[in-house]
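First up is the structure itself, then whatever we jot down about it.
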Amino acid sequence: NIFPIYKKLRYIVKKDDLLKPSSIFTNQLKIFIQDNKLTKPNQAWSTDFTYLPYRYSFLYLSTVIDTYTKEILGFHISKRHTTEMTLAALKMATSGRGHPMIHHSDQGSEYKAESYQQYLQDNNIICSMSKKSSPWENGYQESFYGKYRYELGNLNRFKTEIEAIEAIILQLHYYNNKRIHTTIRDTPVLFRQKELKRLRLEEETKVSSFSRAGQLD
Numbered sequence: 011n012i013f014p015i016y017k018k019l020r021y022i023v024k025k026d027d028l029l030k031p032s033s034i035f036t037n038q039l040k041i042f043i044q045d046n047k048l049t050k051p052n053q054a055w056s057t058d059f060t061y062l063p064y065r066y067s068f069l070y071l072s073t074v075i076d077t078y079t080k081e082i083l084g085f086h087i088s089k090r091h092t093t094e095m096t097l098a099a100l101k102m103a104t105s106g107r108g109h110p111m112i113h114h115s116d117q118g119s120e121y122k123a124e125s126y127q128q129y130l131q132d133n134n135i136i137c138s139m140s141k142k143s144s145p146w147e148n149g150y151q152e153s154f155y156g157k158y159r160y161e162l163g164n165l166n167r168f169k170t171e172i173e174a175i176e177a178i179i180l181q182l183h184y185y186n187n188k189r190i191h192t193t194i195r196d197t198p199v200l201f202r203q204k205e206l207k208r209l210r211l212e213e214e215t216k217v218s219s220f221s222r223a224g225q226l227d
């Protein structure tokens, strides 16, 4: 793990839309929710990292959460909070779930880094960032970490770092697959599966309606 020397940011350029330099620091997620509602998985992801005390040091956990389903899609554990750590969590998420429309984070240097911004640009993902010193604008992650750290407990009960890391991963699995989330009233994984089934049925209904209309014509 290294701390890269950050060059001047390359601003996101979409095929038909050149964003102004200041746009990269705009809370695009907040703007989207004001005009629309999140209605399905993969519309928006939020990311952040937290530190977990272990012995006389820390383990850092970076996570990517689907803002709609509340599911943790990607994570990475490291002894340092670097761009490599946050990017690894994002790549884990995209490898399993494709790409979201909006990616939201705070304005930490790990997310402003050229390599991170380039990855978003290369995959046509809109960059959204909270205002500085406004953690509530990334409340999805803040809320998750508050409950997660409490339920994980004190890592010093483990004799080895490997055991501590295993506990961190198992707690993430528990959150996704066993824990009932109060907002969605289900586990994140089951909620996603039900929502995808709902979307498929809606699409099949539309296709069937168009087909019947064509036969009548």
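Okay, so the sequence shown: first residue is 11 according to my numbering, each after it adds one.
Ideal Cβ placement from N, Cα and C applies to all residues, glycine included.
Alpha-carbon to alpha-carbon, residue j and residue i
i      : j      : result
Tyr155 : Ile43  : 22 Å
Glu214 : Lys204 : 15 Å
Leu209 : Ser140 : 30 Å
Asp58  : Gly108 : 19 Å
Met95  : Lys216 : 42 Å
Ile135 : Met102 : 15 Å
Gln127 : Val74  : 15 Å
Thr93  : Arg195 : 34 Å
Asn166 : Tyr70  : 15 Å
Tyr2   : Thr170 : Given that the chain is displayed from residue 11 to residue 227, the structure contains no residue 2 and the question cannot be resolved.
Val23  : Leu130 : Because the pLDDT of Val23 is 32, which lies under 50, any placement of that residue in the model is unreliable, and the question is left without a value.
Glu212 : His191 : 25 Å
Ser125 : Lys207 : 36 Å
Ile172 : His183 : 17 Å
Leu48  : Ser138 : 15 Å
Ala123 : Phe85  : 18 Å
Leu62  : Leu100 : 20 Å
Tyr160 : Phe68  : 16 Å
Pro145 : Thr193 : 20 Å
Arg189 : Leu200 : 11 Å
Thr60  : Thr104 : 21 Å
Phe168 : Asn46  : 46 Å
Gly163 : Ser153 : 16 Å
Thr36  : His91  : 23 Å
Ser33  : His114 : With a pLDDT of only 49 at Ser33, under 50, the local geometry of the prediction cannot be trusted, and no value is derived from it.
Arg202 : Ile179 : 20 Å
Asn133 : Gly106 : 14 Å
DSSP beta-bridge partners of residue i
i      : result
Thr73  : Asp58 and Phe85
Ser228 : Past the edges of the chain, shown from 11 to 227, lies residue 228, and the structure says nothing about it.
Asp196 : His191
Tyr64  : Ser67
Contact check, residue i vs residue j, beta carbons under 8 Å
i      : j      : result
Tyr150 : Gln181 : no
Gln117 : Lys89  : no
Lys50  : Tyr78  : yes
Ala177 : Tyr64  : no
Trp55  : Leu97  : no
Gln38  : Ile87  : no
Residue i, buried or exposed, once every other Cβ within 10 Å from all chains shown has been counted against 16
i      : result
Asn52  : buried
Asn186 : buried
Pro31  : Bear in mind that a pLDDT of 37 at Pro31, under 50, signals an unreliable position, so the model cannot answer this.
Pro110 : buried
Tyr66  : exposed
Pro198 : buried
Asp76  : buried
Asn148 : buried
Glu81  : buried
### Query
Mind pulling the alpha helix (DSSP H) runs of 4 or more residues that sit fully within the region 146 to 196?
149 to 162 and 171 to 187
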